[in-house]
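S.K.:
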Amino acid sequence: MKPKTKLIHGGIFGDEATGAVSTPIYQVSTYKQDGVGGLRQGYEYSRTGNPTRHALEELIKDIENGHAGFAFGSGMGAISSVMMMLGAGSHIVLTDDVYGGTYRVITKVLNTLGLEATFVDTSNPDNVTAAVKENTKAVFIETPTNPLLKVTDIAAVSAVAKEHGLLTIVDNTFTTPYFQNPLDLGADIVVHSATKYLGGHSDVVAGLVVVKNAKLAEKMHFVQNSVGAILGPQDSWLLIRGIKTLGIRMEEHEKNAKEIVAFLEKHEAVKKIHYPGIPSHPGHDIAKKQSRGFGGMISFDVGSAEKAVQVLEKIHYFTLAESLGAVESLISIPAKMTHASIPVDRRQELGITDGLVRISVGIEDIEDLLEDLAQALA
Ligand SMILES: *Cc1c(COP(=O)(O)O)cnc(C)c1O
Numbered sequence: 547m548k549p550k551t552k553l554i555h556g557g558i559f560g561d562e563a564t565g566a567v568s569t570p571i572y573q574v575s576t577y578k579q580d581g582v583g584g585l586r587q588g589y590e591y592s593r594t595g596n597p598t599r600h601a602l603e604e605l606i607k608d609i610e611n612g613h614a615g616f617a618f619g620s621g622m623g624a625i626s627s628v629m630m631m632l633g634a635g636s637h638i639v640l641t642d643d644v645y646g647g648t649y650r651v652i653t654k655v656l657n658t659l660g661l662e663a664t665f666v667d668t669s670n671p672d673n674v675t676a677a678v679k680e681n682t683k684a685v686f687i688e689t690p691t692n693p694l695l696k697v698t699d700i701a702a703v704s705a706v707a708k709e710h711g712l713l714t715i716v717d718n719t720f721t722t723p724y725f726q727n728p729l730d731l732g733a734d735i736v737v738h739s740a741t742k743y744l745g746g747h748s749d750v751v752a753g754l755v756v757v758k759n760a761k762l763a764e765k766m767h768f769v770q771n772s773v774g775a776i777l778g779p780q781d782s783w784l785l786i787r788g789i790k791t792l793g794i795r796m797e798e799h800e801k802n803a804k805e806i807v808a809f810l811e812k813h814e815a816v817k818k819i820h821y822p823g824i825p826s827h828p829g830h831d832i833a834k835k836q837s838r839g840f841g842g843m844i845s846f847d848v849g850s851a852e853k854a855v856q857v858l859e860k861i862h863y864f865t866l867a868e869s870l871g872a873v874e875s876l877i878s879i880p881a882k883m884t885h886a887s888i889p890v891d892r893r894q895e896l897g898i899t900d901g902l903v904r905i906s907v908g909i910e911d912i913e914d915l916l917e918d919l920a921q922a923l924a
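Shown next, in the form of structure tokens:
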């Protein structure tokens with residue numbers, strides 16, 4: 547099956563019982579049993595399994611080429627649940643500029659439960675090798691990163707991890723399974739904030755996990771059912787609906803992003819642009835090798851906090867908001883918003899400057915977006 551077909555025909559198509567072509571919303575918590583333990587279709591209680599959530603889980607499994615999928619109430623719920631599989635006393639190596647929420651849960655919550663972490667620049671796989679300790683259990687990478695769009699070589703890091711018997715976990719939120727499939731490159735687990743491109747319409751908060759084999763699937767289901775951070779049936783349905791158009795949306799996001807990059811490159815107010823599609827971007831070749839597209843996220847430096855604020859005040863079609871990946875264009879200042887939970891000195895270290903503006907390019911007409919950016923930067 548080709549990618550766009552798979553988004554529509556993957557997983558469980560429609561409803562066997564009625565012929566409905568859209569998966570019904572099974573708004574239910576428990577299921578009638580035919581005698582004690584006599585489950586009709588394997589469902590007993592909706593924390594353990596729900597048909598609408600199951601349809602979504604089968605779909606994400608198929609589009610990430612994995613063994614099993616799992617749906618959670620948020621991306622952080624998904625990431626935390628994956629970490630729960632590692633256990634106290636484990637050490638994990640992570641990309642240094644991971645999503646702020648991931649940094650927070652690792653350094654402020656999971657550390658109190660005995661999970662140790664080291665953050666390194668994973669765009670150089672040697673840094674991963676150097677960080678491995680006796681109790682290291684996993685490597686967690688995000689590529690490209692947020693907001694500097696640094697690229698990590700998934701195959702190279704997976705190879706390092708294998709050598710040391712570690713799991714490779716990839717946050718694939720930014721590139722999406724339409725453009726990148728980490729499991730095909732050697733990773734063991736993929737996580738998503740489905741709140742972003744997969745949902746695509748800024749109307750649902752959700753997280754997804756896909757694992758590579760039966761052993762991980764059993765472990766993941768045990769944690770999902772035990773911790774209970776599951777996604778409800780309504781939101782599962784919204785995600786299935788969103789995923790059907792992921793392909794056409796990603797094509798448009800990227801087309802618009804490329805035009806905006808070309809415009810920003812010529813603009814004198816723009817000091818630096820971060821976009822993996824630019825040939826001079828340090829991660830360009832690796833992104834090209836491991837992904838089928840560069841996506842719709844761009845960040846650029848306008849030199850100062852004052853100028854960044856001015857752009858945000860004047861801009862019209864780009865909505866000032868956290869989050870990304872939806873049909874509408876969004877704009878933010880990472881240092882003040884999405885990355886505010888990262889300490890100032892650490893932000894500076896990472897290069898998340900006060901003048902950095904991040905845009906999530908939507909699928910509006912490009913003429914309107916360019917005109918808007920021109921007047922806001924003037
Ligand atoms: C948003 C985001 C998350 C967290 O997901 P939520 O759905 O907001 O909990 C994790 N990773 C990345 C890359 C994100 O952009």
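In this note's numbering, the protein residues as written are 547 to 924. All residues carry an ideal CB built from backbone N, CA and C; glycine is no exception.
So Phe618 and Met766 are in contact, right, with Cβ under 8 Å, and what is the actual spacing, rounded?
M.R.: At roughly 10 Å, the Cβ-Cβ gap does not stay under 8 Å, so Phe618 and Met766 are not in contact.
S.K.: With DSSP as the reference, please indicate the residues paired to Gly753 in a beta bridge.
M.R.: For Gly753, DSSP records a beta bridge to Phe618 and Ser739.
S.K.: Please give the ranges of any beta strand (DSSP E) in the segment 688-713, keeping only runs that are unbroken, at least 3 residues long and fully inside the region.
M.R.: none
S.K.: What separation, rounded to the nearest whole angstrom, lies between the Cα atoms of Gly633 and Ser627?
M.R.: 11 Å
S.K.: Between which two residues does the alpha helix (DSSP H) carrying His637 extend?
M.R.: Unbroken run through His637 is the beta strand (DSSP E), His637 to Thr641; no alpha helix (DSSP H).
S.K.: Taking only the alpha-carbon atoms, compute the straight-line gap between Gly660 and Gly635 and give it to the nearest angstrom.
M.R.: 5 Å
S.K.: If we count Cβ pairs, one from each stretch, closer than 8 Å, do we get three or more for the segment 672-689 versus the segment 751-770?
M.R.: no
S.K.: For Gly778, collect the residues of the same chain with a Cβ closer than 7 Å to its Cβ; drop the 5 residues on either side in sequence, then sort them by chain order.
M.R.: Residues of the same chain with a CB within less than 7 Å of the CB of Gly778, apart from the 5 flanking positions on each side, do not exist.
S.K.: To which residues of the same chain is Gly623 closer than 7 Å at the C-beta, ignoring the five residues directly before and after it?
M.R.: Take Gly623, set aside five residues on each side of it, and the residues of its chain with a beta-carbon closer than 7 Å to its own are Gly753 and Ala775, in chain order.
S.K.: Glu852 to Ser845, Cα distance in whole Å?
M.R.: 17 Å
S.K.: For Val907, which three-state DSSP category applies?
M.R.: Correct three-state label for Val907: coil.
S.K.: What are the boundary residues of the alpha helix (DSSP H) that His767 is part of?
M.R.: Ala760 to Val773
S.K.: What residues are listed by DSSP as bridge partners for Ala684?
M.R.: Ile638 and Leu713
S.K.: Can you say whether Tyr724 is buried or exposed, counting buried as having 16 or more other CB atoms within 10 angstroms of its CB?
M.R.: buried
S.K.: So Ala601 packs on Val757, CB below 8 Å; how close in whole Å?
M.R.: Between Val757 and Ala601 the Cβ distance is about 18 Å, and since that is not below 8 Å, they are no contact.
S.K.: Measure the CB-CB distance between Val769 and Met631 and report whether it falls below 8 Å.
M.R.: yes
S.K.: Under the rule that 16 or more other beta-carbon atoms within 10 Å means buried, what is Pro889, buried or exposed?
M.R.: exposed
S.K.: Keeping to the same chain, check which residues put their C-beta closer than 8 Å to that of Met796; ignore five residues upstream and five downstream.
M.R.: Thr722, Tyr724, Phe725, Tyr743, Gly839, Gly841 and Gly842
S.K.: Report all residues from its chain with a CB closer than 7 Å to the CB of Thr698; omit the five preceding and five following residues, and keep chain order.
M.R.: Thr641, Thr668, Ser669, Ile687 and Thr689
S.K.: Cutting at 8 Å between CB atoms, please list the residues of its own chain near Val651, excluding the five before and the five after it.
M.R.: Met622, Ile625, Ser626 and Met629
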